[in-house]
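Enquirer: Taken in order, these protein sequences are the chains called A and B. Final position of the first sequence in my numbering is 84; the numbers increase by one with none missing. Final position of the second sequence in my numbering is 184; the numbers increase by one with none missing. Don't be surprised by glycine CBs; every beta carbon is placed ideally from N, CA and C. Have a look at this one before I ask anything.
There are 2 protein chains.
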Amino acid sequence: MTAYTATVTVRLQHGVLDPEAETTQQALERLGFELDALRSADRFEIDLDADDEQAAAERADEMAHRLLANPTIHDYDVAVEARE
Amino acid sequence: MTAYTATVTVRLQHGVLDPEAETTQQALERLGFELDALRSADRFEIDLDADDEQAAAERADEMAHRLLANPTIHDYDVAVEARE
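Here it is as structure tokens:
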């Protein structure tokens, strides 16, 4: 077994309204910053042990599918790297 | 001016309690997943125009410093890449 960290990034699907991101963008603009767009996402860093990188990615993918993301409104991606 | 996307990742500092991450970890364990730890973070993807990559990174850093992160409890990092 090797120790891995899987990073799951959960984003709203394109077209789903994100009032929190809109408010954050407006607040930055009120502070004088210029920006074209702002998107927010949730990031989960999961430490787990697995036989290999592919097994770690599959388990993290299933965690995202079953709990971390809502398939109706979210997209997600998974990245895995070995952990010291 | 070039179009960039700056990604700001905001994490709780080590030692700051994160009950939401704890609850998420427990929920995954109740579903039968094995994991050693789970950390959550906020991720902001900011589209902006700047003269060069360094200018884009500096502006995103200032946005994080002034609004996106709370220096008392958060650490953050900034990554910039050119956007098509």
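#1: State buried or exposed for M163 of chain B, treating a residue as buried only when at least 16 other CB atoms are found within 10 Å of its CB.
#2: Taking CB distances under 7 Å as the criterion, tell me whether D136 of chain B reaches chain A.
#3: Could you give the first and the last residue of the continuous beta strand (DSSP E) run that contains R11 of chain A?
#4: State the start and end residues of the unbroken alpha helix (DSSP H) segment that holds L128 of chain B.
#5: Who are H74 of chain A's beta bridge partners in DSSP?
#6: Tell whether a beta-carbon distance below 7 Å holds between V10 of chain A and A79 of chain A.
#7: For L148 of chain B, which residues of its own chain have a beta-carbon under 7 Å away from its beta-carbon, when the five flanking residues on both sides are left out?
#8: Output the boundary residues of the alpha helix (DSSP H) element that contains R159 of chain B.
#9: Please decide whether L17 of chain A counts as near chain B, where near means a Cβ-Cβ distance under 7 Å.
#10: Taking the DSSP output, what are the residues bridged to L138 of chain B?
#11: Give the straight-line distance between the Cα atoms of E93 of chain A and A37 of chain A, rounded to the nearest whole angstrom.
#12: When you compare only the Cα positions, how much space is there between L117 of chain B and D75 of chain A?
Expert: If we stick to the structure as given:
#1: buried
#2: yes
#3: 2 to 12
#4: 119 to 130
#5: A:L12
#6: no
#7: Y104, A106, A156, R159
#8: 153 to 163
#9: no
#10: A:I46
#11: Because chain A here runs from 1 to 84, residue 93 of chain A falls outside it and cannot be looked at.
#12: 28 Å
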